[in-house]
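Q: Under numbering that gives the first Met the number 0, the residues of the sequence shown are numbered 0 to 149, in order.
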Amino acid sequence: MAQLNTPEMKHVSDIIQVLNSGIEFYSDAKEKVKDQHLAQFFDRMLNARRMVKERLQPFAVQEDGKREEGSAFSVEARKVYTKVIGAMSSDKDHTYISQLEEVEDKTLEEIRAALKENQPPQFEAALLQSMATMQECHDEMRSLKKATSH
């Protein structure tokens, strides 16, 4: 049983759902791009997301009694949108990059929302570490987006 003065964790499931959706999205995009460097870049992003997810899973288990394996609807909707646009677009790689940057934005948004709450110290430390990792991913994706825009 939690101590009375220990705040409860908030947003852990939301963050993991966004991470799960991003993992699916990056996996899908990696299979579709022809550029090997881009596929390797997506692989790095996938690994970072998996690492952050595993860092946060113990808190989901603590909060809900089980691992969080769901995904976020907003990211799922973006995947469908990207498939439609990608089918019509001549520059599919840029379409994926652009949408993946939005997934990175959503991930940061969820972590920031959690950090605004009063969180247990260990969870807050994990969130701060996760924020740093995901901010790095976002910045790399934004740079890639700028480099590939025409």
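Where a beta carbon is used, it is the ideal one built from N, C-alpha and C, also for glycine.
If you're wondering where the values come from, they're calculated on a predicted model, not measured in any experiment.
Closer than 6 Å by C-beta to TYR25: which residues in its own chain qualify, once you throw out the five before and the five after it? Chain order, please.
A: Residue numbering aside, residue 25 sits at position 26 when the sequence shown is read from its first letter. Only PHE41, MET44, LEU45 meet the Cβ criterion.
Q: Roughly how many whole angstroms lie between the Cα atoms of LEU37 and VAL17?
A: Position 38 of the sequence shown, counted from the start, is the residue given in the question as residue 37. Position 18 of the sequence shown, counted from the start, is the residue given in the question as residue 17. So the alpha carbons of these two residues sit roughly 22 Å apart.
Q: Which residues in the same chain have their Cβ closer than 7 Å to the Cβ of SER55, if we skip the five residues on either side of it in sequence?
A: The count along the sequence shown starts at 1 and reaches residue 55 at position 56. Before going on, a small fix: residue 55 reads as Leu here, not Ser. So the qualifying residues of the chain are VAL11, ILE14, ILE15, ALA125, SER129.
Q: For the alpha helix (DSSP H) that contains GLY64, what are its first and last residues?
A: As a position in the sequence shown, residue 64 is number 65, starting the count at 1. Where GLY64 is concerned, there is no enclosing alpha helix (DSSP H), given that its DSSP letter is neither H nor E.
Q: Suppose contacts are defined by Cβ-Cβ distances below 8 Å. Is LYS52 in contact with ASN19 by that definition?
A: Position 53 of the sequence shown, counted from the first residue, corresponds to residue 52. Position 20 of the sequence shown, counted from the first residue, corresponds to residue 19. Going by C-beta atoms, LYS52 is nearer than 8 Å to ASN19.
Q: Express the C-alpha separation of LYS31 and LEU151 in angstroms, rounding to a whole number.
A: Residue 151 cannot be examined here, being either before or after the span of the chain that is shown, 0 to 149.
Q: Report, in whole angstroms, the separation of the C-beta atoms of GLN118 and LYS9, which I expect to be a contact under 8 Å.
A: Here residue 118 refers to the residue found at position 119 of the sequence shown. Here residue 9 refers to the residue found at position 10 of the sequence shown. Contact holds; Cβ gap of about 7 Å.
Q: In the structure shown, what three-state DSSP assignment does GLN2 receive?
A: Working through the sequence shown from its first residue, we reach residue 2 at position 3. Interpretation of GLN2 is limited by its pLDDT of 45, a score under 50 that renders its predicted location unreliable; no figure is taken from the coordinates.
Q: How is GLU116 classed by DSSP in three states: helix, strand or coil?
A: Your numbering for residue 116 matches position 117 in the sequence shown. If DSSP states are grouped into helix, strand and coil, GLU116 belongs with coil.
Q: What separation, rounded to the nearest whole angstrom, lies between the Cα atoms of ASP34 and ARG48?
A: Reading the sequence shown from its first residue, position 35 is the one you call residue 34. Reading the sequence shown from its first residue, position 49 is the one you call residue 48. C-alpha separation (whole angstroms): 21 Å.
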